[in-house]
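Asks:
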Amino acid sequence: MTAPLLAMDGISKTYPGVQALADVRLDLARGEVLALLGENGAGKSTLMKILGGAVRPDAGRIVIDGVERALRTPPDAIRAGVAVIHQEFNLVPALGAADNLFLGQEIAHGLPGFGIVDRAAQRHRAGAILARLGADFDPDRPCRTLSVAGQQLVEIAKALVSGARILVMDEPSAALSAPEVAALHGVIRDLRRDGTGIVYVTHRLDEIASVCDRVTVLRDGRNAGGTAVAAADRADLIRLMVGRELTEEFPHRDTVPGAARLVVAGLSRGTAVRGVSFTARRGEVLAITGLVGSGRTEVLRLLFGADRRDAGSVHLDGVPVAPRSPAAAIAAGIGLLPEDRKLQGLVLGLSVRENFALPNLARLSHGGVVSRTDERRECGEFIASLRIRTPRQEAAVRGLSGGNQQKVVLAKWLARRCEVLLFDEPTRGVDVGAKVEIYRLINDLAAAGKVVVMVSSDLPEVLGMADRIVVMHDGRITGRIDDVATATQESIMEAAVA
Amino acid sequence: MIALRQALALLRGRLHELGMAWVLLALCVLFSVLTWSEQQPSGAAAADAIAERILAATPHPRVLVAIRDVPDDVALADRLVDRLRSGGATVVAVAKGGPKDARDALGRVAAETPGLDAIAGSAASMAWGVFADVGTDFPALGAPALVRPRSYRWPNFLKAENLLNIANQIAVIAILAVGMTLVILTGGIDLSVGSIIALASVVTAIVIRDRCGGVAAGPGGMVVAGLVGIAVGAACGAVSGGVVVAFGIPPFIATLAMMLVAGGTASLLARGESVYQLPDGFMWLGRGADLVGIPNAVVAMLTLYALAQFTMTRTTFGRWVLAVGGNREAARLSGVPVSATLVAAYVLSGALAALGGVVMASQLKSGSPNFGQMYELFTIAAVVVGGTSLAGGEGSIVGTLVGALVTAVINNGMNLLGIESYTQRVVLGLVILGAVLLDRLRRR
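From first to last, the protein sequence lines stand for chains A and B.
Numbering-wise, the first sequence is residues 53 to 550 according to the numbering used here.
Numbering-wise, the second sequence is residues 21 to 464 according to the numbering used here.
(1) Could you tell me if residue 431/B is buried or exposed, where buried requires 16 or more neighbouring beta carbons within 10 angstroms of its beta carbon?
(2) Please report whether the beta-carbon of residue 416/B lies at a distance below 7 Å from any beta-carbon of chain A.
(3) Ignore the nearest five residues each way along the sequence and tell me which others in residue 316/B's own chain have a CB closer than 7 Å to its CB.
(4) Closer than 8 Å between beta carbons: that is the criterion. Which residues of the region 383–413 of chain B meet it against chain A?
(5) Mind listing the chain B neighbours of residue 379/A? Cutoff is C-beta to C-beta under 7 Å, in chain order.
(6) Does DSSP classify residue 79/A as helix, strand or coil?
(7) Given residue 92/B, which residues of its chain have a CB within under 6 Å of its CB, disregarding the five upstream and five downstream residues?
(8) In the DSSP assignment, find the unbroken beta strand (DSSP E) run with residue 138/B in it and report its ends.
(9) Does chain A have any CB closer than 7 Å to the CB of residue 268/B?
(10) Specify whether the region 406–420 of chain B and the region 334–350 of chain B touch according to this definition: at least 3 beta carbon pairs, one from each stretch, less than 8 Å apart.
(11) Tell me, please, whether the CB atom of residue 421/A is closer than 7 Å to any CB atom in chain B?
(12) Could you give the distance in angstroms between the alpha-carbon of residue 95/B and the alpha-carbon of residue 161/B?
(13) How would you list, in chain order, the residues of chain B whose beta-carbon sits under 8 Å from the beta-carbon of residue 250/A?
(14) At a cut of 8 Å, does the region 257–268 of chain B reach the region 311–330 of chain B through at least three beta carbon pairs?
(15) Once DSSP output is grouped into helix, strand and coil, what is the label at residue 297/B?
(16) Which residues in the same chain as residue 290/B place their Cβ atom closer than 6 Å to its Cβ, once the five residues preceding and following it in sequence are excluded?
(17) Less than 7 Å between the beta carbons of residue 362/B and residue 252/B, yes or no?
(18) Just checking my contact of residue 84/B with residue 136/B at CB under 8 Å: how many whole Å lie between their CB atoms?
(19) Please confirm if residue 382/A has its CB atom under 7 Å from at least one CB of chain B.
(20) If you count every other CB in all the chains shown that lies within 10 Å of the CB of residue 217/B, and 16 or more means buried, which is it?
(21) Under 7 Å between beta-carbons, which chain B residues line up against residue 396/A? List them in chain order, please.
(22) Excluding five sequence neighbours on each side, which residues of the same chain lie with their C-beta closer than 7 Å to the C-beta of residue 105/B?
(23) Please confirm whether residue 275/B has its beta-carbon closer than 7 Å to some beta-carbon of chain A.
(24) For residue 42/B and residue 419/B, I'd like the C-alpha separation in whole angstroms.
(25) What is the rounded straight-line gap between the Cα of residue 228/B and the Cα of residue 234/B?
(26) Once the 5 residues before and after residue 193/B are set aside, which same chain residues still bring their CB inside 8 Å of it?
(27) Assuming residue 95/A and residue 72/A are in contact, meaning their beta carbons sit under 8 Å apart, how far apart are those beta carbons, in whole angstroms?
(28) Count the other C-beta atoms from every protein chain shown that fall within 10 angstroms of the C-beta of residue 460/B, then say buried if there are 16 or more, exposed otherwise.
(29) For residue 343/B, go through chain A and note every residue whose CB falls closer than 8 Å to its CB, in chain order.
(30) Any chance the region 445–452 of chain B sits against the region 206–213 of chain B, with 3 or more Cβ pairs inside 8 Å?
(31) From the beta carbon of residue 346/B, is the nearest beta carbon of chain A less than 7 Å away?
(32) Indicate whether at least one CB of chain A lies closer than 7 Å to the CB of residue 466/B.
(33) According to DSSP, is residue 414/A part of a helix, a strand, or is it coil?
(34) Quick check on the DSSP output: the beta strand (DSSP E) that includes residue 135/B runs from which residue to which?
(35) At what residue ranges does the region 319–402 of chain A contain a whole run of the beta strand (DSSP E), taking only runs of 3 or more?
(36) Classify residue 416/A as buried or exposed, calling it buried when 16 or more other Cβ atoms lie within 10 Å of its own Cβ.
Rendered as C-alpha cells:
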C-alpha cells in the first residue's frame, strides 16, 4: 500500500486557557475529498492553519507523500504542495485575475526580482487555467469587480498555479448561491480526477453527499469519528458533531399568525430594489430569499435606514416609519442583524460587554456617564440566557466563535426590546448546535408578537423556519409562498431564477 | 507543564498592558544611575540640618554665622539664625561678604564677648582659609567647631526640581496628546495641532494687547483672551472634522491643509513677529506654582488626563469614539452618531491644541507664529509610544501620558548627561522606533 497523500498524526495545540487540539489525526488520499466537520470552536480552523503553516503545533507529525515535513511558515506549506483557500480571500482587489494568479511568482524575463513581467504569457496561462475551471471572465478584470464565486475561482486557480496537490477549502459554499455551489462542486470533482486531495470544511450537511468521499468529525479539539459518505447518516453526523442527540433541526413553533404589523409598499432604490411590497404579521416569521444580488439584503438595509430609499412607504402598526438613518430606525424599534457580523455587526476589538451595550447606551447611562453596574448586570443576564460562551464579559469579541459572536449581535437587539427584527443570514458560519439555539430565539420573538423578517439563502432553513416566503430576483419580488407546507426547494429556486 | 505555560502567557499579557510603563521605569532607573553624583545642600533647605547638629553638640551654644553675599547663602543664614535662636542658641554675629568680613567679625567677637562654640555657614564660606586657624589667631574664642552642610550622594535626575522640570516641559505636548489620542482612536490623525498652538498664542496675545489693555490687562481680560484663543482652535478643529465627515476627505489631507491655513493665519495676524505686550500676571498659568509647589500647567495637564480617562472609560462619548475607530460601519448600524463623534474628536483636538498654545504663550510671556513647530510630530510620537494604534479603536489615555513621559524623560536625561541637541534628536528617533517595535513584538 502506498503512503497516503497527507497524514497528520498526534497534532496538539494549546492556546492560553484553551486546548484547541489534542492528539488529532487526519488522513487524506490522492483524489479524495474529505469533509471536515465540527462545531465552531471544535478545532477545524486551527488544524487547517497548522496544515497551511500559519500556526505551529505543540506536538505532532505531518507526513506528505511519505516525507515528514515541518511546515513553519505559509511558504513552507506552499512548497510542500498545500494551498489553503480561506473564507476571506487573499486577492489584491485592484489587480486582475492574471496578476493575482502569478503574484509573487511572476513569469518574468531578466534578473529574478528585477525582471520585466511577461504579461502576455501570464494572461495566456491564466486564461487556460480559468477556462479549465469553467470561469468565463476576462483575466484582466480587476478582482474587486468579480462576484464572490468568481473570486473563489481565482483563488482555486492560484492554488493550481502554485502546484498544490492538497487543497484546503474553508466553507467555500458559505457565500454562494445554489447554482454557484453546484458549479463549485463540478470544479472539485474535476480536481479530484487529477489526483488532488481536498479537505472540505463545511457546516452544510446536505452538500457532503454531493461532493465528498469521506467525512471526519472534530469535537472539542479531538477526533470524534469518521465514516465514508455512502454510509453517513445525517442524524449520526449531527450527533458526532454536537455530542448529543438533536431532536429537531428546526424547532417547532406553535403560534398562530395574527394581524398585519409591518406593511411595506413600493420600496425602491435604483436597480437594486424595485417596487417591493409585502406585509409581515404578528407571530410569524417572514422569509425573504433569492440568489446573491437579488436585492434581499438591500431590502433589509432600506427598512433599517442604512441606505437611502428612492421611493416607498413603511408602516408599523399603522404608523408610518421612515427611518433616514440606522439611529432613527433603532429609535423606532427596528433592529438589524447584518449579513456580515464581523464587518457590520461587531466592533471586533471591543469586549463582549462594550459591543452588547453599543445600541443600548442611552438607556444604560445617566447624563452621558455609563452605569457600569447596570451594564454588567444586563450583559451578564444575556450571556446567561442566550448561553453565550465567553470566558469573561471583558473578553474581546474577536476571540469568540461565529455562533457566539452572532448571539452577541442578537443580544444587542434583544436588550433594546425591538419590535421589528431583521435577520440577514442569521446562521451563516454558525455551527449546528448554535443554529438550533438561534432558531429557538427567533421562535420566541415571533411568539412574543414581534415582527420577524429573515433573509436567508439556505433553503432548508427557509422552509424549516418561515411561515411565509417572499422570493426575489433582480430587485423584484418574483414569488410569494403563503403556505410553506406546499413549497419545495425546487419551487423556490424556480422563482429565484425567473 | 500546561499550567506553567498558561501562567507565563498570563504574565505576558500583563506585561503587554504595562509595557511602556516598564520602559519608563527602566529609563528612570538608567538616568538615575548615570546622574548619580555628589549633592551639596544649599539655601534654606540646608539650614535645618546644620542648626540641629550645632544644638545637639552643645546646649545654649554661641554661634557665629559666616556667609557670602549671594541669595542662596543669605537664605541659608536667615533660616539658620531663626532655627538657632528658637533652639536656645546665641548668634553672636552674622558675617556677610568675604573672608575679610569674617576676620573682622571674629576679631570683634574675640574682643567683646569671648568664647565661641561653633562657626556655621555654606559649603563655600566654610572653606575660607580664615577659619582654618581660628584657635591660634583668636585664642580668646576657644576652639569653635566648623559646621557646614553635609554633602550626600543622590541622582541629579531624581531631584525634585528636575522632576518638576520634566513635568513642566512635557505639559504642552501632553495636553495636545489628549486630543490627538481621541482623533487617532477614531482612526484619524491631526497634523494641524502645531500650527494651532501658534495661532492660539498669537490670537490670545493680540486680544490682550488690543482689547484688554496690554501690559495693564486684568485677570478677567486675560481669561477672556485665553478663551477666544481656545475657541479659534476649536473652530479650526470643527472645520477639519467637518470636511472629513462631509466630503470624506482623508484626515491626513484635511488636517495638513488646516496646518498650513492656521500657521499662515498666525503669521498674518502677528505680521510675522512675536507679540510681547503682555502683563506679568499672564505668566500665572505657565510659570506659577500654587498647589504645594506643583506648576499650574502641570496641574492643568493632570486634571485634563483625569477628565479624559474618565471620558474614555466611563462615558457614552468615549464608547462611541472606540466604536467608530474600531468599526465605523458596525457603529453606524448600532445607532452611533458617527459623524458627530468624528467632528467632536477634531473639535476637542483643536481646542486642546489651542489650550497648549495659551500655556506656551504664558510660559514664554508672548505669542508667536513660530511656536509649536514640529509639535504635531512629537505629539503623534507620544501617542504612538503610548500604545495607541494608528489604525484606530485601540489605545488609552493613560498610555498616552506614559508615552509623553517616556519622550520627556529621554530628552531630560540626555540634557543632564550633557548630550548636545543634534544627537538627542537622533536618539529620540531611534527610541520611538524601538519603543513601538517592542510593543509590536509583545503583542504577538
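Heads up, the beta-carbon is just placed ideally off N, CA and C, and yes, glycines get one too.
Replies: According to the data block:
(1) As a first step, residue 431/B must be located in the second sequence, where it is residue number 411. Classification of residue 431/B: buried, given that the 10 Å Cβ count is 16 or more.
(2) Reading the second sequence from its first residue, position 396 is the one you call residue 416/B. No, because no Cβ of chain A sits closer than 7 Å to the Cβ of residue 416/B.
(3) Start at 1 with the first residue of the second sequence, and residue 316/B comes out as number 296. For residue 316/B, where only same-chain residues beyond five positions count, the Cβ hits under 7 Å are 304, 305, 308, 309 and 310.
(4) 413
(5) The residue you call residue 379/A lines up with position 327 of the first sequence. 355 and 357, listed in chain order.
(6) Locating residue 79/A in the first sequence gives position 27, where the first residue counts as 1. Strand at residue 79/A.
(7) In the second sequence, residue 92/B corresponds to position 72, counting from 1. Result list for residue 92/B: 62 and 63, in chain order.
(8) By 1-based counting over the second sequence, the position of residue 138/B is 118. Its beta strand (DSSP E) spans residues 138–141.
(9) Sequence index remark: in the second sequence, residue 268/B carries index 248 (1-based). Not closer than 7 Å to any Cβ of chain A, the Cβ of residue 268/B fails to qualify, so no.
(10) yes
(11) Within the first sequence, numbered from 1, the residue matching residue 421/A stands at position 369. Chain B contact via Cβ: present.
(12) By one-based count along the second sequence, residue 95/B stands at place 75. By one-based count along the second sequence, residue 161/B stands at place 141. Rounded to whole angstroms, residue 95/B to residue 161/B spans 27 Å at the Cα level.
(13) In the first sequence, residue 250/A corresponds to position 198, counting from 1. Within chain B, no residue comes near residue 250/A; the closest Cβ sits about 32 Å away, beyond 8 Å.
(14) no
(15) By one-based count along the second sequence, residue 297/B stands at place 277. Reduced to three states, the DSSP call for residue 297/B is coil.
(16) For the purposes of this step, residue 290/B is taken as residue 270 along the second sequence, with counting starting at 1. So the list reads 222 and 389, once near-sequence residues are dropped.
(17) Along the second sequence, one-based indexing puts residue 362/B at 342. Along the second sequence, one-based indexing puts residue 252/B at 232. No. Outside cutoff.
(18) On the second sequence, residue 84/B is found 64 positions in, with the first residue counted as 1. On the second sequence, residue 136/B is found 116 positions in, with the first residue counted as 1. With 8 Å as the limit, residue 84/B and residue 136/B qualify as a contact, their Cβ atoms being about 6 Å apart.
(19) Residue mapping note: residue 382/A aligns to position 330 of the first sequence, counting from 1. Yes, because at least one Cβ of chain B sits closer than 7 Å to the Cβ of residue 382/A.
(20) The sequence position of residue 217/B within the second sequence is 197, counting from 1. Its Cβ being crowded by 16 or more others within 10 Å, residue 217/B is buried.
(21) To locate residue 396/A, count along the first sequence from 1; it is residue 344. Neighbours of residue 396/A on chain B, chain order: 349, 350 and 353.
(22) Residue numbering aside, residue 105/B sits at position 85 when the second sequence is read from its first letter. Counting only Cβ-Cβ distances below 7 Å, and skipping sequence neighbours, we find 111.
(23) Numbered from 1 along the second sequence, position 255 holds the residue referred to as residue 275/B. Residue 275/B does not count as touching chain A.
(24) Residue mapping note: residue 42/B aligns to position 22 of the second sequence, counting from 1. Residue mapping note: residue 419/B aligns to position 399 of the second sequence, counting from 1. Rounded to the nearest angstrom, the two C-alpha atoms are 12 Å apart.
(25) In the second sequence, counting from the first residue as 1, residue 228/B sits at position 208. In the second sequence, counting from the first residue as 1, residue 234/B sits at position 214. When rounded, the distance between both Cα atoms is 5 Å.
(26) Numbered from its first residue, the second sequence carries residue 193/B at position 173. For residue 193/B, where only same-chain residues beyond five positions count, the Cβ hits under 8 Å are 376, 395, 398, 399, 402, 424, 427 and 428.
(27) Counting from 1 along the first sequence, the entry for residue 95/A is found at position 43. Counting from 1 along the first sequence, the entry for residue 72/A is found at position 20. Residue 95/A to residue 72/A, Cβ: 5 Å. Contact.
(28) In the second sequence, residue 460/B corresponds to position 440, counting from 1. Exposed, by the Cβ-count rule.
(29) As a first step, residue 343/B must be located in the second sequence, where it is residue number 323. Result: 399, 402, 406 and 410.
(30) no
(31) Working through the second sequence from its first residue, we reach residue 346/B at position 326. It does; some Cβ of chain A falls within 7 Å.
(32) Only positions 21 to 464 of chain B appear in the structure, and residue 466/B is not among them; the question remains open.
(33) In the first sequence, counting from the first residue as 1, residue 414/A sits at position 362. Three-state result, residue 414/A: helix.
(34) For the purposes of this step, residue 135/B is taken as residue 115 along the second sequence, with counting starting at 1. Neither: residue 135/B is in no beta strand (DSSP E) and is coded neither H nor E.
(35) 325–333, 337–342, 363–368 and 386–389
(36) As a working mapping, residue 416/A is identified with position 364 in the first sequence. Buried is the call here.
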